[in-house]
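Student: In the numbering used here, the protein residues as written are 277 to 543. Glycine included, each C-beta is placed from N, C-alpha and C at the ideal position.
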């Protein structure tokens, strides 16, 4: 009998579901998939850990994971002034190596992620004779780690894993933004820029503009911008890049039909 430990890169999986599939995870189904896949071939699942910044997730998520038998490991991914890039990968990789050295009887490690940064810790595990299983979205999982793994299982094979973001989900998020200070400033600043008659406002330009003017709360504004995009307060469109026709750019504009925009701008 082999012993398995599962590690979930929550930041990676949730972001992929949201941004690339326009969906959210069905947590119960997600848990069932992990347990089913990890215990194939008479293997015994020792534990499951999920790594991510749970301050950015939905309220009560850590409790939900605990109730599912998944140990949430909170990772701080932002300081007052900046995102701490790669912090989740670093913390998870260190925990994986600690697990390998502390519990040598664990022979198989399963990673629920598509991140190519895992290749470094996979190399160390393989050097120590461990078996690697990867569970991830096929087109969003690094070819490097797929090739390095003993087995790869595509999450796309499980149709009940994801559910589309509903209008009710968007409405709930939009309601919370009506009285969000950063969201209010974002909407008013974009309204001002559009009032200047700019042909288009690049998304990256607007993100840099708003952060440059609010350095002390840069991460708060970055999060607010993401939320405004998620609930259609700010619309994103791909347009021709006048400086590079072969590489279109993304522009942003206010959705003036959105009731949150109308409420904040007073019309």
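Can you grab the Cα-Cα spacing for the pair residue 285 / residue 436, in whole Å?
Tutor: The count along the chain shown starts at 1 and reaches residue 285 at position 9. The count along the chain shown starts at 1 and reaches residue 436 at position 160. Distance between the alpha carbons of residue 285 and residue 436: 20 Å.
Student: How far does the beta strand (DSSP E) with residue 504 in it reach, from first residue to last?
Tutor: Residue mapping note: residue 504 aligns to position 228 of the chain shown, counting from 1. Counting along the chain, residue 504 falls outside any beta strand (DSSP E), though it belongs to the alpha helix (DSSP H) covering 494–506.
Student: Heavy atom of the ligand PLP less than 7 Å from the Cβ of residue 500, yes or no?
Tutor: Of ligands this structure carries none, so the ligand PLP is not represented either.
Student: In terms of alpha-carbon separation, which member of 278, 305, 475 lies closest to residue 431?
Tutor: To locate residue 431, count along the chain shown from 1; it is residue 155. If we check each option's Cα against that of residue 431, 305 comes out closest.
Student: Just checking my contact of residue 502 with residue 390 at CB under 8 Å: how many whole Å lie between their CB atoms?
Tutor: As a working mapping, residue 502 is identified with position 226 in the chain shown. As a working mapping, residue 390 is identified with position 114 in the chain shown. Actually they do not touch by this definition, with Cβ atoms about 20 Å apart.
Student: Figure out for me which residue from 399, 439, 294, 371 has the closest Cα to the Cα of residue 423.
Tutor: Position 147 of the chain shown, counting from 1, holds the residue named residue 423. Cα-wise, what sits closest to residue 423 is 399.
Student: Ignoring anything shorter than 3 residues, give me the beta strand (DSSP E) runs that lie fully in the segment 425–471, in order along the chain.
Tutor: Listed in chain order, they are 427–430, 438–440.
Student: Assign residue 281 to buried or exposed, taking buried as 16 or more other Cβ atoms, counted over all protein chains shown, within 10 Å of its Cβ.
Tutor: Here residue 281 refers to the residue found at position 5 when the chain shown is read from its first residue. Residue 281 comes out buried.
Student: Expressed to the nearest angstrom, what Euclidean distance is found between the alpha-carbon atoms of residue 414 and residue 448?
Tutor: Translated into the one-based positions of the chain shown, residue 414 becomes position 138. Translated into the one-based positions of the chain shown, residue 448 becomes position 172. About 31 Å.
Student: Is it true that the segment 444–459 meets the segment 323–332, where meeting means three or more beta-carbon pairs spaced less than 8 Å apart?
Tutor: Contact between the segment 444–459 and the segment 323–332 is absent, because fewer than three Cβ pairs lie under 8 Å.
Student: Provide the residue(s) that pair with residue 348 in DSSP beta bridges, ordered along the chain.
Tutor: In the chain shown, residue 348 corresponds to position 72, counting from 1. Paired residues: 326.
Student: Exposed or buried, residue 374, counting other C-beta atoms within 10 Å across all chains shown (16 or more means buried)?
Tutor: Against the chain shown, residue 374 aligns to sequence position 98. Residue 374 should be labelled exposed.
Student: Whose C-beta lies closer than 8 Å to the C-beta of residue 322 among residues of the same chain, with five residues either side of it excluded?
Tutor: Position 46 of the chain shown, counted from the first residue, corresponds to residue 322. Excluding residues within five positions, the ones whose Cβ falls inside 8 Å are 279, 280, 281, 379, 382.
Student: What residue does the alpha helix (DSSP H) around residue 376 start on, and which one ends it?
Tutor: Stepping through the chain shown from its first residue, residue 376 is reached at position 100. Looking at the DSSP string, the run of the alpha helix (DSSP H) that includes residue 376 is 363–378.
Student: So if DSSP puts residue 412 in a beta bridge, which residue, or which two residues, is it bridged to?
Tutor: Here residue 412 refers to the residue found at position 136 when the chain shown is read from its first residue. Residue 412 pairs with 430.
Student: Residue 429 and residue 395 - do their beta-carbons sit closer together than 8 Å?
Tutor: Position 119 of the chain shown holds residue 395. Position 153 of the chain shown holds residue 429. Not in contact: residue 395 and residue 429 (Cβ atoms no closer than 8 Å).
Student: Do residue 416 and residue 299 count as a contact pair if the criterion is CB distance below 8 Å?
Tutor: Within the chain shown, residue 299 is the residue found at index 23, counting from 1. Within the chain shown, residue 416 is the residue found at index 140, counting from 1. In this structure, residue 416 does not lie closer than 8 Å to residue 299 by Cβ.
Student: Where do the N-terminal and C-terminal ends of the alpha helix (DSSP H) with residue 541 fall, by residue?
Tutor: For the purposes of this step, residue 541 is taken as residue 265 along the chain shown, with counting starting at 1. Unbroken alpha helix (DSSP H) run through residue 541: 535–541.
Student: Select from 469, 418, 498 the residue whose C-alpha is nearest the C-alpha of residue 483.
Tutor: Along the chain shown, one-based indexing puts residue 483 at 207. It is 498.
Student: Looking only at DSSP bridge pairs, what is residue 510 linked to?
Tutor: Residue 510 sits at position 234 when you count from the first residue of the chain shown. Bridge partners of residue 510: 530.
Student: So what does DSSP say about residue 525, is it helix, strand or coil?
Tutor: Residue numbering aside, residue 525 sits at position 249 when the chain shown is read from its first letter. Strand, per DSSP.
Student: Where do the N-terminal and C-terminal ends of the beta strand (DSSP E) with residue 338 fall, by residue?
Tutor: As a working note, residue 338 is residue 62 in the chain shown. Here residue 338 belongs to no beta strand (DSSP E); instead the alpha helix (DSSP H) covers 337–343.
Student: According to DSSP, which residues form a beta bridge with residue 386?
Tutor: As a position in the chain shown, residue 386 is number 110, starting the count at 1. DSSP output for residue 386 lists 282, 409 as bridge partner(s).
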